[in-house]
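A short write-up of the structure that comes next.
Here it is in structure tokens:
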């Protein structure tokens, strides 16, 4: 992902995603639930992930995935723009969507199992 616009464009390509305000900023949401935001840190966006995924991502790709104290105990991490982990970032955006989508939405997207 080169920037927030590219990340949003990918998120909005997922079924039933709309841009609505979340923490005062337009962010991708499905079923009224946000799953990513521009974040508080320049050069990164914030993405919802599970706590176990968070640790794996920090350990396997700290150049892409990181956090500040603000996100430490929250199921969200920061994703740096411009890293070569484009496909992996897309996967975790899809997972964040899947975690908030309803079963019929997942089925309509051909995603009966979590990506």
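Numbering (the working numbering), first residue to last: 20 to 134.
Beta carbons are placed, not taken as given, at the ideal position from N, Cα and C, and that holds for glycine.
Task: Local conformation of residue 39 per DSSP, three classes - done: When DSSP states are grouped into helix, strand and coil, residue 39 belongs to the strand group.
TODO: Could you please give the first and the last residue of the uninterrupted beta strand (DSSP E) stretch that includes residue 44?
DONE: That run of the beta strand (DSSP E) goes 44-49.
- [ ] Less than 8 angstroms between the CB atoms is what I'm expecting for residue 120 and residue 27, so what's the real figure, rounded?
- [x] About 17 angstroms separates the two Cβ atoms, so there is no contact after all.
Task: Proximity to residue 36 [Cα-Cα], best of 128, 57, 80, 134 - done: Nearest Cα to residue 36 within the set 128, 57, 80, 134: 128.
Open item on the list: Let me confirm a value: residue 126 is counted as buried when at least 16 other C-beta atoms fall within 10 Å, else exposed. Which label applies?
Closed with: Residue 126 should be labelled exposed.
Open item on the list: If you follow the beta strand (DSSP E) that residue 98 is in, where does it begin and where does it stop?
Closed with: First-last of the beta strand (DSSP E) with residue 98: 95-99.
Open item on the list: Strictly by DSSP, which residues pair up with residue 84?
Closed with: Residue 84 has 98 as its beta-bridge partners, per DSSP.
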